[in-house]
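Participant: Numbering (the working numbering), first residue to last: 1 to 403.
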Ligand SMILES: Nc1ncnc2c1ncn2[C@@H]1O[C@H](COP(=O)(O)OP(=O)(O)OP(=O)(O)O)[C@@H](O)[C@H]1O
Ligand SMILES: [Mg+2]
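1) Within this structure, are the beta carbons of residue 187 and residue 125 separated by less than 8 Å?
2) What residue range does the beta strand (DSSP E) around residue 74 cover?
3) For residue 391, is the classification buried or exposed, using 16 other Cβ atoms within 10 angstroms of its Cβ as the cut-off for buried?
4) Of all the options 157, 109, 78, 184, which has the alpha carbon lying nearest to the alpha carbon of residue 122?
5) Nearest-angstrom Cα distance between residue 127 and residue 199?
6) Would you check if the stretch 132-139 and the stretch 234-245 touch, i.e. whether three or more CB-CB distances between them fall below 8 Å?
7) What does DSSP give as the partner residues of residue 237 in its beta bridges?
8) Below 7 Å, is the gap between the Cβ of residue 94 and the nearest heavy atom of ligand 1?
9) Taking contact to mean at least 3 C-beta pairs separated by less than 8 Å, is the stretch 100-120 in contact with the stretch 44-62?
10) In terms of alpha-carbon separation, which member of 310, 94, 369, 378 lies closest to residue 221?
11) I need the straight-line Cα distance from residue 349 to residue 374, nearest angstrom please.
12) Taking the alpha helix (DSSP H) that residue 184 falls in, what are its first and last residues?
13) Helix, strand or coil: how does DSSP classify residue 219 here?
14) If you follow the beta strand (DSSP E) that residue 53 is in, where does it begin and where does it stop?
15) Grab the span of the beta strand (DSSP E) containing residue 139 for me, first residue to last.
16) Please state whether the Cβ-Cβ distance between residue 158 and residue 181 is less than 8 Å.
17) Alpha carbon to alpha carbon, how far is residue 63 from residue 71?
18) Residue 196: which of 173, 318, 74 sits nearest, CA to CA?
19) Please report the residue range of the alpha helix (DSSP H) in which residue 154 lies.
20) With a 10 Å radius around its C-beta and 16 neighbouring C-beta atoms as the bar for buried, classify residue 249 as buried or exposed.
21) Is the beta carbon of residue 178 closer than 8 Å to that of residue 155?
22) Under the three-state reduction of DSSP, which class applies to residue 231: helix, strand or coil?
23) Got a sec: does ligand 2 put a non-hydrogen atom nearer than 7 Å to the Cβ of residue 223?
24) Report yes if the CB atom of residue 240 is closer than 8 Å to the CB atom of residue 109, and no otherwise.
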């Protein structure tokens, strides 16, 4: 993996030397709003703005029989938050999401939706699709579209021709996940609740989803066990454990690092290290003394905003590097298949292999472009930070105003 990154970074340098201007021109084209979707690119837009408070949970208790799954949960979700929900299997993540989606009712307490909330819910295992209805029907059910428009939309989710007429019940898990996502995007929700959306997705669909979610400007709550995915799309967490939900204001990697260092200091016999548990559920995960209603969006102060952007960018870069490595493997796999003369005895299989190889090359190409763009953005952000720092140092000590 590291070797890949080194190699690609070197490649990027070379390409940049060859034609930075060309690269910039291309990036401009990509950023221009008029440009059409490239490859499997899909945009996820939020229709209408919610109030600042998107949803609030007060003293929520949920039981199934004599098992109390959630036991007194207080949470506030604010507009623009991007929350990853983590926790062991059976800890209550799906239950929490269903309560927020209004598909379950709490035994005690309240779930209070905010003003103007338009919710999109992606159920774990796509249990909310209707097996007898077709892929196309599922699109037409949520929005008035011409069949032509619906087909064009579905094509971005890799459903072509007659495939859109297949009943959903006959599709594979990955195909059903793509139907759910295609449908969700048509709804233009401003609060997105996703329960393990990357399960069953192949790499291409996953990458497209990551990209769409990274650009999504609504509020996002997503259950996932996939750390790369979480790092790419979320900047705070809810940790579900023992019937409680603890907010953490940071990425999954930061959470994992913190937990590791806590465990290390505990293992080292941290008796002198008095109960320093930054993520004790009071919301002050960074020790910034904020009160406890959860991981509040970081856009309050410019430096926090800047730090959050840098953090998200670094996570996006890490995730895309992982994707690049995966696609590189995929490409090598098909190269090996194509190098086997036996393959060509079976025309169908050979054609498939050629197509898969081409798809891998194209995916790599577009990932590398995206990666270059992110690296440049990171450079710019670092330059801005240095500039801001320099200005602070240059500021006149006595605050005189000229004139
Ligand atoms: N409808 C139900 N009836 C009875 N028990 C239920 C029901 N739904 C969930 N449970 C139980 O509640 C607990 C929490 O389930 P939930 O599906 O919320 O967990 P989860 O964190 O989403 O797990 P996973 O990671 O496996 O998806 C589990 O013990 C589960 O068996
Ligand atoms: Mg679940």
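For each residue, glycine too, the CB sits at the ideal point set by N, CA and C.
Facilitator: Judging by the given coordinates:
1) Reading the chain shown from its first residue, position 187 is the one you call residue 187. Reading the chain shown from its first residue, position 125 is the one you call residue 125. Their beta carbons are not under 8 Å apart, which means residue 187 does not touch residue 125 by this criterion.
2) Position 74 of the chain shown holds residue 74. Per DSSP, residue 74 belongs to the beta strand (DSSP E) from 67-78.
3) Position 391 of the chain shown, counted from the first residue, corresponds to residue 391. Flag for residue 391 reads exposed.
4) One-based indexing of the chain shown puts residue 122 at position 122. Residue 122 has its Cα closest to that of 184, out of 157, 109, 78, 184.
5) The count along the chain shown starts at 1 and reaches residue 127 at position 127. The count along the chain shown starts at 1 and reaches residue 199 at position 199. Spanning the two alpha carbons is a distance of roughly 13 Å.
6) no
7) To locate residue 237, count along the chain shown from 1; it is residue 237. In DSSP, residue 237 forms a bridge with 84, 248.
8) Here residue 94 is taken as the residue at index 94 of the chain shown, counted from 1. Result yes, Cβ under 7 Å from ligand 1.
9) yes
10) In the chain shown, counting from the first residue as 1, residue 221 sits at position 221. Looking at the Cα atoms, 94 is the closest of the given residues.
11) In the chain shown, residue 349 corresponds to position 349, counting from 1. In the chain shown, residue 374 corresponds to position 374, counting from 1. Using only the alpha carbons, I get a separation of about 37 Å.
12) Against the chain shown, residue 184 aligns to sequence position 184. Per DSSP, residue 184 belongs to the alpha helix (DSSP H) from 173-187.
13) For the purposes of this step, residue 219 is identified with residue 219 of the chain shown, where counting begins at 1. DSSP places residue 219 in strand when its eight states are reduced to three.
14) The count along the chain shown starts at 1 and reaches residue 53 at position 53. Note, residue 53: beta strand (DSSP E), 53-64.
15) As a working mapping, residue 139 is identified with position 139 in the chain shown. Here residue 139 belongs to no beta strand (DSSP E); instead the alpha helix (DSSP H) covers 135-140.
16) Within the chain shown, residue 158 is the residue found at index 158, counting from 1. Within the chain shown, residue 181 is the residue found at index 181, counting from 1. No; because the gap between Cβ atoms is not below 8 Å, this pair is not in contact.
17) Locating residue 63 in the chain shown gives position 63, counting from the first residue. Locating residue 71 in the chain shown gives position 71, counting from the first residue. When rounded, the distance between both Cα atoms is 8 Å.
18) Sequence index remark: in the chain shown, residue 196 carries index 196 (1-based). Residue 173 is the option with its Cα nearest to residue 196.
19) Locating residue 154 in the chain shown gives position 154, where the first residue counts as 1. Unbroken alpha helix (DSSP H) run through residue 154: 147-155.
20) Stepping through the chain shown from its first residue, residue 249 is reached at position 249. Burial call: buried.
21) Reading the chain shown from its first residue, position 155 is the one you call residue 155. Reading the chain shown from its first residue, position 178 is the one you call residue 178. Not in contact: residue 155 and residue 178 (Cβ atoms no closer than 8 Å).
22) Within the chain shown, the letter at position 231 stands for residue 231. Three-state DSSP puts residue 231 in a helix.
23) Mapped onto the chain shown, residue 223 falls at position 223. Checking the Cβ of residue 223 against ligand 2 gives yes.
24) Here residue 240 is taken as the residue at index 240 of the chain shown, counted from 1. Here residue 109 is taken as the residue at index 109 of the chain shown, counted from 1. Not closer than 8 Å, so no.
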